[in-house]
Each structure stands twice: as structure tokens, then as C-alpha cells.
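Asker:
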Amino acid sequence: MEQFTFIIKDKNGMHARPAGAVANCAKKYKSDIKIYKNEKEANAKRLLSLMSLGATYNSEIVIKIEGEDEKEALTDIKNVLSENLSEG
Amino acid sequence: MKIYSGTGIGTKKTSGVLRFYKSDGQSAYKNNFTTCENELKRLELAIKEVKKALEKMHKRAKSHIGDEEAKIFEIHLMLLEDEDLMETAHLEISQGMCAENAVLEASDKYCKMLKALNDEYLSERAKDIKDIASQLLNVLSGKDVSESIHTSPYILVAEDLTPSQTVMLDKDMILGFVTFFGTPSSHTAILARAMGIPALVGVGDIDMEHDGEFCLLDSEKGELIVNPTDNEIELFKEREKEENRIAKEHESYLRSLINKPAISKNGHRVLIYANIGSEKEAEGALLNGAEGIGLLRSEMMYLSLDRYPTEDELYYAYKEAVTEMKGRRVIIRTLDIGADKQIPYFNIQKEENPALGYRGVRICLDRIDVFKTQLRAILRASAFGKASIMLPMIVSENEIVKCRELLEECKNELFEENYAFDSKIELGIMIETPASAVMSDVLAKHVSFFSVGTNDLTQYTLAVDRQNPKVSHIGEENREPILRLIGYASEQIHKNGGWIGICGELGADLTLTQRFVDMKIDELSVSSPYLLGVRKRVGECE
Chain A
1 MEQFTFIIKD KNGMHARPAG AVANCAKKYK SDIKIYKNEK EANAKRLLSL MSLGATYNSE
61 IVIKIEGEDE KEALTDIKNV LSENLSEG
Chain B
89 MKIYSGTGIG TKKTSGVLRF YKSDGQSAYK NNFTTCENEL KRLELAIKEV KKALEKMHKR
149 AKSHIGDEEA KIFEIHLMLL EDEDLMETAH LEISQGMCAE NAVLEASDKY CKMLKALNDE
209 YLSERAKDIK DIASQLLNVL SGKDVSESIH TSPYILVAED LTPSQTVMLD KDMILGFVTF
269 FGTPSSHTAI LARAMGIPAL VGVGDIDMEH DGEFCLLDSE KGELIVNPTD NEIELFKERE
329 KEENRIAKEH ESYLRSLINK PAISKNGHRV LIYANIGSEK EAEGALLNGA EGIGLLRSEM
389 MYLSLDRYPT EDELYYAYKE AVTEMKGRRV IIRTLDIGAD KQIPYFNIQK EENPALGYRG
449 VRICLDRIDV FKTQLRAILR ASAFGKASIM LPMIVSENEI VKCRELLEEC KNELFEENYA
509 FDSKIELGIM IETPASAVMS DVLAKHVSFF SVGTNDLTQY TLAVDRQNPK VSHIGEENRE
569 PILRLIGYAS EQIHKNGGWI GICGELGADL TLTQRFVDMK IDELSVSSPY LLGVRKRVGE
629 CE
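Residue numbers (the working numbering), protein chains in the order written: chain A, 1 to 88; chain B, 89 to 630.
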């Protein structure tokens with residue numbers, strides 16, 4: 001299993017557009033991709049699930065990836081997060 | 089004539105005819121459940137139909153409005169195919185609900201979930217789900233999504249507008265928006281800003297009878313006047329004209345003053361600095377000709393988190409401000425919480441008299457780790473320009489000595505760790521208490537500059553609680569004691585080789601500028617919109 005943490009630096013948090021980008025990226029992989037914020041869990045392949053996390057500005061989220069293509073998924077998800085949820 | 093008020097978006101004015109946007113309300117449908125198979129089939133077909141329509145709208149938005157606006161339809165397409173939403177709808181159908189009600193139930197469930205997050209932005213997105221749901225319902229119940237056609241410009245009134253509704257509107261015909269509901273982050277508000285037209289949101293119910301009536305919309309005042317009198321129209325038009333003229337004049341005047349020092353007629357130079365609440369405001373300060381930052385409040389970063397910020401997080405913020413100001417002085421005030429600014433994770437006990445209690449440097453000298461983290465961040469940022477440190481709530485020499493020791497400790501650590509920093513970084517203090525003003529000759533031996541926080545100085549000199557409306561007028565009526573304290577401090581500080589600025593509200597009070605020039609105040613720090621006015625006033629002083 002692969003795992004990493006990320007701090008959301010977009011002032012609007014995990015809103016619709018970045019969540020859409022994350023979901024689109026996650027859907028490309030066979031692995032099970034979950035995102036956690038505190039005790040809440042979201043399926044990274046599902047837009048509404050991601051939006052319902054309530055991951056706001058400066059929230060720390062944990063991403064856990066498990067499956068045959070977890071290594072590739074890890075790099076890709078990391079990139080999408082930093083492209084879409086970093087400052088700005 | 090009837091006046092409505094709401095939250096204005098932007099500062100513009102417009103006038104024109106009101107038109108109501110007509111949309112169907114979403115209420116529960118009569119349960120027309122046939123068979124599970126049939127209802128699922130109907131839902132599937134409706135999704136296909138809406139998908140086609142959305143793809144069309146996406147294209148139209150892309151060519152007519154822009155990529156940003158078009159992106160919302162990509163999101164809608166994703167929502168339409170969202171497994172969570174559809175699973176819920178399928179579940180409802182399998183339990184004997186017709187497709188219409190299943191869609192309503194599913195959208196309700198997720199709208200509630202998003203609203204429960206208590207995030208203004210995400211709550212607004214609940215509308216995107218409703219938007220999708222109402223399109224599905226329209227198809228399911230055999231209605232057409234039609235476009236309202238208008239041939240002359242108008243002000244659009246609606247309960248609230250969803251992206252699929254606004255994309256079908258002819259933007260050239262819209263002078264402004266008025267909505268019953270909504271907030272500054274509603275879709276309507278975002279659209280209004282993007283289009284550069286005025287809007288008024290959260291107005292509450294507007295009588296449908298006003299459809300087609302002439303009105304005046306003033307987003308700065310947050311006011312909509314329906315059926316204004318001729319007199320009012322004339323006044324409104326005049327103000328509109330005047331505002332446009334002033335805006336233009338101000339703009340060109342601003343340009344002419346930027347980069348010119350503010351010097352009074354008798355040759356006293358005053359530095360005009362800006363007060364900012366976060367590094368993001370530095371750009372605006374520069375655009376208004378700030379010669380430096382007289383007060384960078386550092387509380388925002390701490391208030392916006394639910395944990396202590398890290399050294400790196402603080403460092404990046406300060407570095408941004410210092411870099412943006414390109415070598416101009418940036419005075420960073422160390423954390424000033426307590427009193428009216430409380431932060432839950434600091435776990436500060438409730439006090440009888442918080443203003444006279446645990447606040448500012450008093451907390452920092454107890455929570456040395458937190459304080460040192462901030463000092464280290466400022467020091468590291470000082471490598472990129474000219475940063476200065478300012479301590480709040482100082483009443484004694486002893487406090488400065490302690491802070492200075494910690495500062496030296498931080499410098500030594502950073503030196504050991506090979507970080508670059510300005511080893512001669514200036515240290516200054518706020519004058520917020522009568523004690524610091526009266527003792528300024530002694531304190532001046534320990535620091536290079538002072539800045540007067542006039543709000544707190546007023547509060548502590550006159551024993552007037554800033555937050556208490558019953559007594560706050562006493563502060564406004566008794567400026568003289570405050571001014572005398574500032575005058576005394578200025579004299580003592582100059583005698584001892586330091587300099588003094590004012591970063592409180594009184595700094596922007598143009599009726600006092602002459603007095604400050606007479607006292608030889610070296611710097612006035614005000615928020616960006618006042619920079620130009622103060623700069624101009626200093627030049628007029630004797």
C-alpha cells in the first residue's frame with residue numbers, strides 16, 4: 001500500500017473543480033484510492049464523495065492507495081493535488 | 089417607490105427595467121411508480137438526454153463566455169454520472185419510488201450533506217446538484233428548457249440562478265443581477281464580477297408585480313429602488329456621473345503622486361506606509377504608492393488554522409511580503425492575540441478583563457516555542473529584502489530585553505543551521521499603553537523604532553472599552569490626551585535617536601495630519617485605500 005499526506009493550500013479548499021480533477025485522475029487506475037480527513041473517508045474516484053470530505057484551506061488529508069498500479073497512481077495523484085490544490 | 093436592500097457585489101451602479109426569471113419550483117411529485125425496471129429505464133434515458141443538453145451548454149459557454157465559466161458544465165457532467173448520487177437514486181427506485189422522486193431524494197441527500205459542511209463555498213455547490221436534478225426532472229416530466237428572450241437590456245431578478253440557467257441568458261442584454269437568496273460566493277455573484285456588472289444578492293422576496301418596472305441598482309449601497317421618483321433618478325444619474333469622474337480623476341491623480349515623497353511645506357518628510365493583514369495585500373499597497381509596510385499583522389495565519397502554523401508556512405508568507413515590496417521596509421508585528429482576538433488551540437483561559445490580561449507579547453514570552461518559531465520565520469524572510477520586527481503590548485524595558493535575548497538565540501541557531509538572514513534586523517515596539525509612551529526615553533535605548541497603535545492607546549488612556557458602544561464616543565470626544573502622549577513620546581524618541589510612526593486609525597484622520605507633522609512623526613501607516621489621501625494631505629501641511 002502507498003500512502004502520503006498533503007496540506008490543501010487552495011483558499012477554496014477541495015471544491016468542485018479540483019475534486020473533479022482528482023476524481024478523473026483516480027478513475028484511470030485500478031487501485032483502490034481513498035482520501036481521509038480526520039475520521040472521514042472518501043472514495044477518490046467519486047466527485048461527491050470528495051466534495052463531502054469538507055477538506056478546506058489548510059486541511060491535512062491522507063491519501064491511501066492499494067492495488068496493482070499503486071505506484072503509478074501515487075505519482076499521478078500527487079501531481080494532480082499539487083497542480084489543483086496548491087496556493088492560488 | 090419601493091426600496092430593497094441586500095449584499096452588493098462590486099461598487100457599480102446601473103438603472104433599467106426589472107425582469108423576473110421564471111423557473112419551476114421543485115416540489116415532490118405524485119408517486120407514479122410503475123415497475124422497477126421501467127423507472128430505471130426512464131432515469132437512464134433522462135440522464136442521456138440531460139447529458140446531451142449539458143454537452144451543448146458546455147460548448148456554448150466555451151464559445152460565448154469563456155473556459156472558466158464552461159468548466160462548471162464539466163463538473164455538472166461528472167455529477168450527472170456520479171456513482172454516489174446514482175446509487176442513491178437506484179436504491180430509492182428499488183424501494184418503490186418513481187424516477188422523479190428518486191432524483192429529488194438523491195439530490196436532497198447530497199445537498200444536505202454539502203450544506204452540513206458549513207463551508208460557504210461548498211454549500212453553494214449544493215446548487216449545482218439541484219441544477220442537475222431539476223434538469224433531470226424537466227426531462228422526466230416532459231418539459232422543455234427554454235430560453236427567455238428579451239430584446240432590450242434589463243436587470244434580471246431571480247430567486248437564485250444556477251449555471252445552466254445563466255448560460256442560456258443573453259449576456260449583452262443584462263445590466264445587473266438581483267437575487268432573493270445567495271451570498272458573495274454564489275454563482276450569480278461570481279458571474280457578475282466576471283462580467284463587471286453590479287449585482288445584489290440575498291435581498292429576500294421581491295414582489296413579482298415589479299416585473300417590467302424601472303429601477304435603480306446601486307451595488308455599493310446594496311440598494312435597489314423600484315419605481316424611483318424623477319428627483320431620485322436625476323440624483324442617481326448625477327452621482328453615477330460624478331463617481332465615474334472621480335474614479336477617473338483619482339486614478340490619474342494617484343499615478344501623478346506615486347513615487348513622490350510626502351513633504352510638508354516646512355520640509356518635514358513623512359514616510360507613507362501601508363497597514364496590511366496578510367502578505368497577499370502587499371501588491372495592492374504598492375499599487376497605491378506605499379513606501380513600505382508599517383504594519384503587517386501576523387494574526388491571520390494563526391486564526392485561519394486549527395493548529396500552530398509551522399516555521400516554513402510563516403516563512404513563505406513573510407518572504408512573499410518582503411519580496412513583493414522589493415527592498416522597501418516591511419514591519420512585521422509579532423503575534424498579538426488575546427483580548428478580542430482569541431485562538432482556540434492556544435487554550436487560553438477565560439479572563440475577567442481580557443484587555444487588561446493575557447495578550448500580545450505577554451503570551452509570547454510564556455509560549456517561547458511559538459514565539460521563536462515566528463521570530464525564526466521573520467529572520468529567514470529578512471534575507472530577501474528589508475524586514476523589521478515589531479513587538480506589541482510592551483510596557484517595560486524588561487520585556488524588550490527578554491525578547492531581544494530570544495531574538496539573538498534564534499539568530500545563533502539559524503547561523504548554525506546555515507540559514508541566510510539580516511543580522512542587523514531592526515527591532516521596534518508598539519506604543520499602545522500610556523506606560524510605553526511615558527517611558528519612551530528609556531525604551532528608546534533598546535529599540536530603533538516605535539509605532540503608535542492609537543486604538544489601544546485610546547482604550548488604555550481613557551479607560552474606554554473599544555467594543556462597548558455605550559462608551560466608545562468618549563474616545564472620539566477626547567483626542568487631546570492621546571495626542572499629548574504621542575507628542576511626548578515623539579520628542580523623547582527623537583532625543584534618543586529613534587524614529588516614530590503611527591499605525592492606528594488616527595493615522596488616517598486627515599484633520600490630525602497637521603498635528604502629526606508638527607510633532608515630527610516620521611511615518612504614517614494606513615490601509616491602502618487611504619494612502620493617497622494621506623500623502624496628499626502631508627504635502628498641504630505647513
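Even for Gly, the Cβ is constructed at its ideal location relative to N, Cα and C.
Quick caveat, the model's predicted, so the values are computed rather than measured.
How long is the line joining the alpha carbons of residue 227 (chain B) and residue 66 (chain A), rounded to whole angstroms?
Answerer: 40 Å
Asker: Could you tell me how far apart the beta carbons of residue 262 (chain B) and residue 16 (chain A) are, in whole angstroms, since I believe they sit closer than 8 Å?
Answerer: With a Cβ gap of about 24 Å, residue 262 (chain B) and residue 16 (chain A) do not count as contacting.
Asker: Secondary structure at residue 105 (chain B), three-state DSSP: helix, strand or coil?
Answerer: Looking at residue 105 (chain B) - three-state DSSP - the assignment turns out to be strand.
Asker: Is it buried or exposed for residue 447 (chain B), if we count other Cβ within 10 angstroms and need 16 for buried?
Answerer: buried
Asker: I need the straight-line Cα distance from residue 528 (chain B) to residue 573 (chain B), nearest angstrom please.
Answerer: 10 Å
Asker: Between the C-alpha atoms of residue 483 (chain B) and residue 359 (chain B), what's the straight-line distance to the nearest angstrom?
Answerer: If I take the Cα positions, the gap works out to 26 Å.
Asker: Which one of B:374, B:344, B:399 and B:177 has the shortest CA to CA distance from residue 502 (chain B)?
Answerer: B:399
Asker: I need the straight-line Cα distance from residue 29 (chain A) to residue 61 (chain A), nearest angstrom please.
Answerer: 20 Å
Asker: Beta strand (DSSP E) containing residue 353 (chain B): first to last residue?
Answerer: Counting along the chain, no beta strand (DSSP E) covers residue 353 (chain B), and no H or E run does either.
Asker: By the 7 Å beta-carbon criterion, what residues does the stretch 18-50 of chain A contribute toward chain B?
Answerer: 20, 23, 46, 47, 48 and 49
Asker: Tell me residue 34 (chain A)'s beta-bridge partners as DSSP assigns them.
Answerer: A:43 and A:64
Asker: Leaving out the 5 sequence neighbours to the left and right, which residues in its chain are closer than 7 Å to residue 80 (chain A) when beta-carbon positions are compared?
Answerer: 21, 22 and 25
Asker: Please specify which runs of the alpha helix (DSSP H), each continuous and at least 4 residues long, are wholly inside the stretch 357-439 of chain B, giving them in chain order.
Answerer: 370-375, 387-391 and 399-412
Asker: Going by C-alpha distance, which of B:409, B:169, B:519 and B:264 is nearest residue 546 (chain B)?
Answerer: B:519
Asker: Output needed for residue 633 (chain B): all residues of its chain with C-beta closer than 7 Å, excluding positions within five of it in sequence on either side, in chain order.
Answerer: Residue 633 (chain B) lies beyond the residue range present for chain B, which begins at 89 and ends at 630; the question has no answer from this structure.
Asker: Do you know how far the Cα of residue 465 (chain B) is from the Cα of residue 635 (chain B)?
Answerer: Absent from the structure is residue 635 (chain B), since the part of chain B shown begins at 89 and ends at 630.
Asker: Output the boundary residues of the beta strand (DSSP E) element that contains residue 89 (chain B).
Answerer: No beta strand (DSSP E) holds residue 89 (chain B); DSSP gives it neither H nor E.
Asker: Spell out whether any CB of chain B is found under 8 Å from the CB atom of residue 58 (chain A).
Answerer: yes
Asker: Taking 8 Å as the CB-CB limit, is residue 13 (chain A) close to chain B?
Answerer: yes
Asker: Check residue 209 (chain B) in the structure and name its three-state DSSP category.
Answerer: It is helical.
Asker: Is residue 48 (chain A) near residue 170 (chain B), with beta carbons less than 8 Å apart?
Answerer: For the pair residue 48 (chain A) and residue 170 (chain B), the CB atoms are nearer than the 8 Å cut-off.
Asker: Quick check on residue 80 (chain A): does DSSP put it in helix, strand or coil?
Answerer: helix
Asker: Buried or exposed, going by whether 16 or more other CB atoms sit within 10 Å of the CB of residue 551 (chain B)?
Answerer: exposed
Asker: Taking 8 Å as the cut-off, does the stretch 323-334 of chain B touch the stretch 132-143 of chain B (at least 3 CB pairs, one atom from each stretch)?
Answerer: no
Asker: Identify whether residue 306 (chain B) lies in helix, strand or coil by the three-state DSSP scheme.
Answerer: In the three-state DSSP reduction, residue 306 (chain B) falls in the strand class (E or B).
Asker: Measure the alpha-carbon distance for residue 591 (chain B) versus residue 362 (chain B) and round it to whole angstroms.
Answerer: 8 Å
Asker: Closer than 8 Å, Cβ to any Cβ of chain A: which residues of the stretch 370-393 of chain B, in chain order?
Answerer: 392 and 393
Asker: Going along chain B, which residues have a C-beta under 9 Å from residue 67 (chain A)?
Answerer: Result: empty, since nearest Cβ-Cβ is about 18 Å, beyond 9 Å.
Asker: Once DSSP output is grouped into helix, strand and coil, what is the label at residue 265 (chain B)?
Answerer: strand
Asker: Is there contact between the stretch 289-298 of chain B and the stretch 337-351 of chain B, where contact requires at least three CB pairs shorter than 8 Å?
Answerer: By the C-beta criterion, the stretch 289-298 of chain B is judged not to be in contact with the stretch 337-351 of chain B, since fewer than 3 inter-stretch pairs fall below 8 Å.
Asker: Near residue 285 (chain B), what residues of its chain come up, given a Cβ to Cβ distance below 6 Å and the 5 sequence neighbours on each side ignored?
Answerer: 264
Asker: Which partner residues does residue 287 (chain B) have in the DSSP bridge list?
Answerer: B:97 and B:265
Asker: In angstroms with no decimal places, state the Cα-to-Cα distance between residue 115 (chain B) and residue 221 (chain B).
Answerer: Residue confidence for residue 115 (chain B) is low, a pLDDT of 46 falling below 50, so the modelled location carries little weight and cannot support an answer.
Asker: Going by Cα to Cα distance, which pick from B:203, B:544 and B:310 is closest to residue 442 (chain B)?
Answerer: Closest option to residue 442 (chain B), judged by alpha-carbon separation, among B:203, B:544 and B:310: B:544.
Asker: Mind listing which residues of the stretch 193-211 of chain B have their C-beta closer than 9 Å to chain A's C-betas, in chain order?
Answerer: 198, 201, 202, 204, 205, 206, 207, 209 and 210
Asker: Along chain B, which residues have their Cβ under 7 Å away from the Cβ of residue 86 (chain A)?
Answerer: Residues of chain B passing the Cβ test: none, with the nearest at roughly 11 Å.
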